[in-house]
Amino acid sequence: MANSLNKWLGIISLAAAGGFLYLNRRRLIARLLKLPPPQYEVAKQPGIRITMPDGLKLAADLYRPVGLDSAPTILTRTPYGRTNVNQIFATLFAERGFNVVAQDARGRFDSEGEFEPYVNEASDGEATLAWIAEQPWSNGRTGMWGQSYVGYVQWAAASTGTPHLHALLPAVTQSNLGGPNEQGFMWLDRTLRWLLLLEAMTDSSLSPWERLALTFYAPEQNKRLEPGWNHLPLATADEAVLGHPQSFYQTWAAQDGPDSPYWRSVDLRPEVPNISVPIHLVAGWYDIFLQGQLEDYRALHAAGHNPYLTIGPWTHMAQQGMLAAVQEGLNWFNAKLKGDDEAIRPYPVHLYLQGADKWLGYESWPPPTEETLFYLQTMGYLSTSKPAAGSPSDHYRYDPADPTPNLGGALLSTEAGQVDNRPLEARPDVLTYTTEPLTAPLTVIGLVRLQLYVRSSLEHTDFYGRLCDVQEDGRSLNVCDGLFRVEPGRGEPQPDGSLCIEVDMWATAYQFQPGHRLRLQVSSGAHPRISRNLGTGEPVMHATTMLAAEQTIYHDPEHPSALLLPVT
């Protein structure tokens, strides 16, 4: 009874806070972001129907600054409902001299058709931009703005080469949004949580409180998700969560890995170098799409473009990231749609340095650094000294029936970000390697890598690394992490039968303070964030048999396992 009461008190508190913010939304957000004062009253024209090339009509609302006959336009296309939080941001932009078109994606809310994630966004975006260009209130300059899926649709529209698109601000997103990881594993929690969120938003059988809980309240979401996390095969995990099959999830489950024609058709990475529209990428150090977003930046930069990049300390669901996207978006569109070049900062790359609580500006990403190796040692030590001869190996057992759990990090929930990892580090299937307390600040900016010399009793297994900042009070806070999936042909075989692998532990900008210690975790899973490796080599979506793996980590002169840090 007490737990139930606490749950609903938490939800009610969330609703009350949300209600207060809604009633005072524009004034509070504008003050928080130090936006220039509103210049215009806003006229809203709801329920516009825009016809797509196949005859289906998509619903949209138009926000116009009163008194301007024509103005640049910002388009946002969303599967999450054009009339919720979108109207807050649409009004903020319109008050400052932009038309805003907020549109429901095909098959969502008031738009006709069937929602098939990713599939129709290029053609629907192109058609909507062409429609905007024909309207008398458009001055011919249009940008697109939004986060997550609302960022992916920007890449989709830009990939068509439409002449009606002049600026993009995709936040916490990437050009290859869907599908399994290239190594073959599934982002399990992210995928199932998204299914639940999409359904909760449109399920008329839910009360407003239930809808709010299943949309924003992680503990309530987790109760619905847990059966799916632990369900095998993953091909029917949608039924375990929703109680019925989800058509597009079933389409995904039928694909033969990330290289299937279906997934290739919605993977927009090959188009990124060809997109010359000015782009400002807004990312978060604990966002689920950080890795892909940095790949998009590198592709644009390598192609000779000048993308802007902002990376803050936020997670995917954090309000700070959304507010940053508004602030950066207003500056970006003032520059690129209105011609006010002084509206944007001089340095294209703006990074928040965690641990030092300050922002840094650079010409490009990553900034110049010196690679420093921290070697794994005996007795769980980590140091810049090479390991001693005769250093014994370390061992643990990974059992997918009792998988190593995930704590914090890059999640599609409010439980993401930095958390104390000590409960995780106490498990027998997690090895830790820790430095002595630092005597001076250590600043790490860039891509973090982990080179491991390993052996497993199975041909199919995973190795997972996580870097943590151990505080003076003992708390071990996660910084960045990554996983390497071992299978025949992957990794570098060694003469003694061991395997050398390199774990991409994503990127960070972090200053470790004096008195703190660096800690490396080595394990073989992060459940349910990443789908379990069952050890059999069966297709991920259809595997049901589980095998436990005996894992060995080597650290000696012949096997110099090391954490590779980009130090400034």
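For the sequence shown, counting from 1, position 241 maps to 241 in this note's numbering; every step adds exactly one.
Built from N, CA and C at the ideal position, the CB exists for glycine as well.
Predicted model, so just to flag it, every value in this text is computed and none were measured.
Asked: Could you round the C-beta distance between ALA45 and ASP69 to whole angstroms and report it? I think they count as a contact, below 8 angstroms.; Found: Per the sequence shown, residue 45 should be read as Gln rather than Ala. Their Cβ separation, rounded to whole angstroms, is 15 angstroms, which puts GLN45 and ASP69 out of contact at 8 angstroms.
Asked: From which residue to which residue does the alpha helix (DSSP H) around SER138 run?; Found: SER138 -> not in any alpha helix (DSSP H); beta strand (DSSP E) instead, spanning 138-147.
Asked: Quick check on the DSSP output: the beta strand (DSSP E) that includes ASP61 runs from which residue to which?; Found: 57-65
Asked: Once DSSP output is grouped into helix, strand and coil, what is the label at LYS34?; Found: coil
Asked: Does DSSP put GLY47 in a helix, in a strand, or in coil?; Found: strand
Asked: Is any heavy atom of the ligand ADP found at a distance shorter than 7 angstroms from the C-beta of LEU35?; Found: The ligand ADP is not part of the structure shown, which contains no ligands of any sort.
Asked: Could you tell me which of GLU134, ARG455 and GLY312 sits nearest to GLY497, measuring between CA atoms?; Found: ARG455
Asked: What distance in whole Å lies between the Cβ atoms of TYR433 and TYR554, which are believed to be in contact at a cut-off of 8 angstroms?; Found: That pair is no contact at about 13 angstroms.
Asked: How would you call LEU32, buried or exposed, if buried means at least 16 neighbouring beta carbons within 10 angstroms?; Found: exposed
Asked: Check whether the region 337-352 touches the region 79-89, taking contact to mean three or more Cβ pairs, one atom from each stretch, closer than 8 angstroms.; Found: no
Asked: Put ASN86 into one of helix, strand or coil per three-state DSSP.; Found: helix
Asked: Grab the span of the alpha helix (DSSP H) containing ASN120 for me, first residue to last.; Found: Neither: ASN120 is in no alpha helix (DSSP H) and is coded neither H nor E.
Asked: Would DSSP call SER260 helix, strand or coil?; Found: coil
Asked: Along the chain, where does the beta strand (DSSP E) that runs through PRO552 open and close?; Found: In the sequence as displayed, the identity of residue 552 is Thr instead of Pro. Residues 549-554.
Asked: Express the C-alpha separation of LEU206 and PRO307 in angstroms, rounding to a whole number.; Found: 43 angstroms
Asked: Would you give the residue range spanned by the alpha helix (DSSP H) that TRP285 belongs to?; Found: Where TRP285 is concerned, there is no enclosing alpha helix (DSSP H), although the beta strand (DSSP E) it sits in stretches over 280-286.
Asked: Considering just the uninterrupted stretch of the beta strand (DSSP E) at LYS336, what are its terminal residues?; Found: No beta strand (DSSP E) holds LYS336; the alpha helix (DSSP H) holding it covers 319-336.
Asked: Please determine, among TYR63, ASP110, THR76 and GLY113, the residue with the shortest C-alpha to C-alpha distance to GLU95.; Found: TYR63
Asked: Give the single residue among ALA507, VAL567, ARG490 and ALA240 whose Cα lies nearest to the Cα of LEU499.; Found: ARG490
Asked: To the nearest angstrom, how far is it from the Cα of GLY228 to the Cα of PRO36?; Found: 47 angstroms
Asked: Tell me which same chain residues have a C-beta within less than 6 angstroms of the C-beta of LYS336, skipping the five on either side of it?; Found: ALA167 and PRO278
Asked: Hey, how far is the Cα of ARG190 from the Cα of SER391?; Found: 40 angstroms
Asked: Output yes or no for whether 8 angstroms exceeds the beta carbon distance between ALA440 and PRO514.; Found: yes
Asked: Find the nearest neighbour of VAL430 within the set GLN451, GLY409, ARG397 and ALA253, judged by alpha-carbon distance.; Found: ARG397
Asked: What whole-angstrom Cβ distance do LEU547 and LEU458 have, given they're in contact under 8 angstroms?; Found: 6 angstroms
Asked: Rounding to the nearest angstrom, what Cα-Cα distance links HIS316 and VAL419 in this structure?; Found: 15 angstroms
Asked: Report yes if the C-beta distance between TRP332 and HIS280 is below 8 angstroms; otherwise report no.; Found: yes
Asked: Is the Cβ-Cβ distance between LEU58 and THR142 less than 8 angstroms?; Found: no
Asked: Would you verify that the beta carbon of THR215 is, or is not, closer than 8 angstroms to some beta carbon of chain D?; Found: The chain labelled as chain D is not found in the depicted structure, where only one protein chain is given.
Asked: Report the rounded CA-to-CA distance for ARG529 versus PRO65, giving the unit in angstroms.; Found: 44 angstroms
Asked: So the candidates are ALA235, VAL272, ALA318 and GLY184; which of them puts its Cα closest to the Cα of GLN250?; Found: ALA235
Asked: Please classify SER4: is it buried, with 16 or more other beta-carbons within 10 angstroms of its beta-carbon, or exposed?; Found: The pLDDT assigned to SER4 is 49, lower than 50, so where the model puts this residue is not dependable; a value taken from the coordinates is nonetheless given after this. It is exposed - the Cβ of SER4 has fewer than 16 other Cβ atoms within 10 Å.
Asked: By how many angstroms is the C-alpha of GLY55 removed from the C-alpha of LEU467?; Found: 52 angstroms
Asked: Given a threshold of 16 other Cβ atoms within 10 Å of its Cβ, counted over all protein chains shown, does MET379 qualify as buried or as exposed?; Found: exposed
Asked: Here's a check: name, in chain order, each residue in its chain whose Cβ is nearer than 6 angstroms to the Cβ of ARG49, leaving out the five neighbours to either side.; Found: LYS57
Asked: Residue range of the alpha helix (DSSP H) that PHE248 falls in?; Found: 247-253
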